[in-house]
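Quick notes on the structure that follows.
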Amino acid sequence: MDDIFDTMRTRVSRRSYTPTPIPAEAEAKLLDTIQYLNNKSNLHIQFVKNGEAAFKGFKKSYGMFTGVQYYFAMVGNKSDPLMYEKVGYYGEYLVLVATELGLGTCWVGASFDKEACKCDIFANEEIACVITVGYTPNSLSSREKLIASMVKDKGKPVEDLCDYDKQPPEWFWKGMEAVRLAPSARNRQPVKIKYYNDVVYATTGEFNYNKIDMGIAKLHFALGAGGSFELGENGRFIKDAEAI
Ligand SMILES: Cc1cc2nc3c(=O)[nH]c(=O)nc-3n(C[C@H](O)[C@H](O)[C@H](O)COP(=O)(O)O)c2cc1C
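The sequence shown maps to residues 269 to 512 in the working numbering.
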């Protein structure tokens, strides 16, 4: 990836899309990335085109999203206890790849019509959420700004996002800066990154969205600090391993 912090700073949730189609080359890159991530994670992420039905005429999304044509359907195996965390970790990687391609994105857990989603959900699977993707106007419209202010709580300072028993090394703070830039449901930033006995791990609440937020925060930390993060409640950060 290019400078990862530039990409993370460029990414903000976008809820209005232009009709410009995603060109074949960018689509191929997204499809390759999805295949790679599905192989790694055992998720069943799908790229959906002509997907406007999931956002039109649905009261929960009324006025929130406009012009959605494309989204990633974040589908996975119901019996996998790490499914929601994987959705966050691997899905956010896809978000950052899309951002590098100049596309706008938004994680959507609630304001879409699950029933109208055009994707395959096999017997043992469920859809955790979708991520809208596509071209957007250059800057946020005043409507988008208003919606963002409604669904985005004020961000927390880095100090509120971590705990430690002694002053952590410099790379830890790079990881934390990346966590600060990570999206989370309603921007609640419910994940704590802990540094105790020279080990980095993460904790959060029990809700499924908390688990997605935890996967997203771990991926940001891994990319920012330079390493990989094991999934699961006791998962540890491994410095200098491949993030994905
Ligand atoms: C798991 C998850 C679910 C989300 N669900 C919605 C949603 O249903 N509707 C919506 O408008 N935004 C949704 N968002 C986007 C958040 O509101 C947004 O990421 C947060 O306010 C931070 O803003 P930013 O992404 O611009 O940094 C969701 C984000 C996450 C991570």
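Don't be surprised by glycine CBs; every beta carbon is placed ideally from N, CA and C.
- Message: Give me, in chain order, the residues of the same chain whose beta-carbon lies closer than 6 Å to that of residue 374; leave out the 5 immediate sequence neighbours on both sides.
- Response: 281, 282, 283, 400
- Task: Starting from residue 397, follow its DSSP beta bridges and name the residues at the other end.
- Result: 342
- Message: Could you check whether the Cβ of residue 406 sits closer than 7 Å to any heavy atom belonging to ligand 1?
- Response: no
- Message: Would you say the beta carbon of residue 280 is closer than 7 Å to some non-hydrogen atom of ligand 1?
- Response: yes
- Item | Cβ-heavy atom distance, residue 410 to ligand 1, below 7 Å | no
- Task: Could you work out which residue in 313, 324, 448, 341 is closest to residue 334 when comparing CA atoms only?
- Result: 324
- Message: Runs of 4 residues minimum, wholly inside the region 285-373: which ones carry the alpha helix (DSSP H) assignment?
- Response: 292-309, 351-368
- Query: Can at least three beta-carbon pairs, one atom from the region 390-398 and one from the region 297-304, be found at a separation below 8 Å?
  - Reply: no
- Item | Candidates 405, 429, 344, of which the one nearest residue 308 by Cα | 344
- Query: Would you say residue 332 touches ligand 1, meaning its beta carbon is less than 7 Å from a heavy atom?
  - Reply: yes
- Item | Residue span of the beta strand (DSSP E) that contains residue 507, given as start and end | 505-507
- Task: Would you mind giving the Cβ-Cβ distance between residue 499 and residue 361, rounded to the nearest angstrom? I have them listed as a contact below 8 Å.
- Result: The Cβ separation is near 13 Å, so there is no contact.
- N- and C-terminal bounds of the beta strand (DSSP E) containing residue 471: 467-471
- If you measure from the CB of residue 385, is any heavy atom of ligand 1 nearer than 7 Å? no
- Output the boundary residues of the alpha helix (DSSP H) element that contains residue 481. 476-493
- In this structure, does DSSP put residue 426 in helix, strand or coil? helix
- Query: Mind checking whether the beta-carbon of residue 397 lies closer than 7 Å to any heavy atom of ligand 1?
  - Reply: yes
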